[in-house]
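*Asks:* Residue numbering for the sequence shown is 1 to 97, as defined by the UniProt record's numbering.
All C-beta atoms in this analysis are idealised placements derived from N, C-alpha and C, irrespective of residue type, glycine included.
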Amino acid sequence: MDVEKQLHEKCLKLINKKKETCNLCIKSKIKLFLDEINFINNSLDIFENEKRQKQIKQENKKIQKNGTKELDEILKDVIFLELGLKESKSKNETGTN
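1) How many Å lie between residue 78 and residue 60 at the Cα?
2) Going residue by residue through the segment 32-69, where are the continuous alpha helix (DSSP H) segments of at least 4 residues, counting only ones entirely within it?
3) Just reading off the alpha helix (DSSP H) that residue 12 is part of, what are its end residues?
4) Between the C-alpha atoms of residue 64 and residue 39, what's the straight-line distance to the nearest angstrom?
5) From residue 62 to residue 51, what distance separates their C-alpha atoms?
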């Protein structure tokens, strides 16, 4: 069962318990309140973890993209050198920066 369904079921249980608390003693009401707080904290933690994982994936994609571009530039330079040409276009562009 995925996390979202588990959270949904837990939330429904807490809502149903909340409806039934009118006749409960104060200790039971406090326990239910603490359960609700724990549920909210757990939900927020899960949300933050998913957000971090998405950010890490995006950063990894950017790193891979940049690494590929750099490797392509190096490959072009090597090909130009092997062919006996003076300088590659990419080297001229980067040399002026």
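*Replies:* Looking at the coordinates:
1) To locate residue 78, count along the sequence shown from 1; it is residue 78. To locate residue 60, count along the sequence shown from 1; it is residue 60. Roughly 27 Å between the two C-alpha positions.
2) none
3) Along the sequence shown, one-based indexing puts residue 12 at 12. First-last of the alpha helix (DSSP H) with residue 12: 3-19.
4) Translated into the one-based positions of the sequence shown, residue 64 becomes position 64. Translated into the one-based positions of the sequence shown, residue 39 becomes position 39. Rounded to the nearest angstrom, the two C-alpha atoms are 38 Å apart.
5) The sequence position of residue 62 within the sequence shown is 62, counting from 1. The sequence position of residue 51 within the sequence shown is 51, counting from 1. When rounded, the distance between both Cα atoms is 17 Å.
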